[in-house]
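Numbering (the working numbering), first residue to last: 15 to 298.
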Amino acid sequence: MRKTLTTLLVGCCVVAAAGCATGSSALDRGIAHYRSGEFFFAADDFNDAVRENPKSVAAYVNRGITRVRLGELTAAIEDYNRAIQLAPSDPDIYFDRGNALVSAGQYGPAVDDFTRAIELSPTFAKAWFNRGAARSLAGQSDAAMKDWVHAIEVESDPWARSAMRRSAGLEPPPAGASSGPPAGQPTTAGTVAPAPPPGMTTGGVKLPPPATLAATPPASPAASPPPSSRGIDARALATRAISRELDGDHDGALADLRSALTIEPDPSRRDHLQGLLRLLETPR
């Protein structure tokens, strides 16, 4: 049994293994810190969970999701690799790794992961949509549109379906409407695609998505990581930009990508950032 905490590319999943007696305490602490936006502390908790139970799929996936939030993409992908070794038939893990690969600019491998998720769960709408996003970033616009259209066809949630249509440029945003869901309703928004994925296929209780983190009161100074630990580089800014776009904060996503471009010296990474920026700046 796993309980799932979803984040968003059309979203990644932080998962806690409720059935694992040796790791549940650390996992629960990690989820609590993650939901509070205390990602450094969450990562420490998930490190403990991995040490306590090196065969816990949830521990690796949780740590991977948290590492993505921290901009540690290589380490996150390694966590997903390990999780897939332990649970090779779980489509959500391929989905999560695909999202991390998109953030790292590895669009071809990301398409492969979304494809595998689709093979394992043919009605996984968010995997269809995110594969379209990866293909769009790779310049495969026709294939991307086909994936987006199919994602819309198989998505059962009306809000997610409407968000997908807007992201794919098939439906203009309602006049005067914000990019987020109606006030008081939980968001289902997802990656450079929308809406979080369904609960893990191994079964479990889905926890609320962390899209409400922006409204979480700041942690007390004693509970916050030291300022030096909170420094953010270009890759972390890009990762946060994707999270913001998925959470409905389009302007914040654009601001983060533009900031990342000003401090990223590597030409290939700048090309990746410019590709993301062009995608988000394209009128919908």
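The beta carbon of each residue, even a glycine, is placed where N, CA and C say it ideally should be. Computed from a prediction, not measured in an experiment: that's the story for all the values here.
Residue 69 by DSSP, collapsed to three states: which one?
The answer is coil: DSSP assigns residue 69 none of H, G, I, E or B.
Considering just the uninterrupted stretch of the alpha helix (DSSP H) at residue 137, what are its terminal residues?
From DSSP, residue 137 is part of no alpha helix (DSSP H); its letter is neither H nor E.
Taking the straight line between their C-alpha atoms, what separation do you get for residue 40 and residue 98?
Whole-angstrom Cα-Cα distance: 21 Å.
Assuming residue 85 contacts residue 258 (C-beta within less than 8 Å), just tell me the rounded distance between them.
Not really, about 13 Å apart at Cβ, beyond 8 Å.
Between which two residues does the alpha helix (DSSP H) holding residue 281 run?
Residue 281 -> alpha helix (DSSP H) spans 281-295.
When you compare the CB positions of residue 275 and residue 287, do they come within less than 7 Å of one another, or not?
In this structure, residue 287 lies closer than 7 Å to residue 275 by Cβ.
Am I right that residue 7 and residue 157 are in contact with their C-beta atoms under 8 Å? What's the rounded C-beta distance?
Lying outside 15 to 298, the shown extent of the chain, residue 7 is not represented and no answer is given.
Could you pull the start and end residues of the alpha helix (DSSP H) that residue 182 belongs to?
Premise fails: residue 182 is in no alpha helix (DSSP H) and is neither H nor E.
Quick check on residue 295: buried or exposed, where buried means 16 or more other Cβ atoms within 10 Å of its Cβ?
Exposed, by the Cβ-count rule.
Residue 125 vs residue 145 beta-carbon contact at 7 Å:
Note that the C-beta distance between residue 125 and residue 145 is below 7 Å.
How far does the alpha helix (DSSP H) with residue 117 in it reach, from first residue to last?
Element bounds for residue 117: 105-117.
Mapping the DSSP letters down to three states, classify residue 102 as helix, strand or coil.
In the structure shown, the three-state DSSP call for residue 102 is coil.
What is the rounded straight-line gap between the Cα of residue 108 and the Cα of residue 279?
Distance between the alpha carbons of residue 108 and residue 279: 30 Å.
Between residue 160 and residue 174, what straight-line distance do the alpha-carbon atoms span, to the nearest angstrom?
Rounded to whole angstroms, residue 160 to residue 174 spans 17 Å at the Cα level.
Close beta carbons around residue 268, own chain, < 8 Å, minus the five adjacent residues each side:
Taken in chain order, the residues that qualify are 255, 291, 294, 295.
Alpha-carbon to alpha-carbon, residue 184 and residue 151:
Those two C-alpha atoms are separated by around 18 Å.
Which value, in whole angstroms, describes the spacing of the CA atoms of residue 219 and residue 143?
Because the pLDDT at residue 219 is just 26, under 50, the model does not fix this residue reliably, and the point stays unresolved.
Boundaries of the alpha helix (DSSP H) in which residue 266 is found, first to last residue:
Note, residue 266: alpha helix (DSSP H), 264-277.
Specify the secondary structure class of residue 52 as computed by DSSP and reduced to three states.
Correct three-state label for residue 52: coil.
What separation, rounded to the nearest whole angstrom, lies between the Cα atoms of residue 76 and residue 281?
Each residue's Cα considered, the two are about 31 Å apart.
Own chain, CB closer than 8 Å to residue 91, minus 5 neighbours either side, in chain order:
Closer than 8 Å at Cβ, skipping near neighbours: 78, 111, 114, 115, 118.
Since residue 253 and residue 49 should fall inside the 8 Å C-beta cutoff, what is the C-beta to C-beta distance between them, to a whole number of angstroms?
With 8 Å as the limit, residue 253 and residue 49 do not qualify as a contact, their Cβ atoms being about 18 Å apart.
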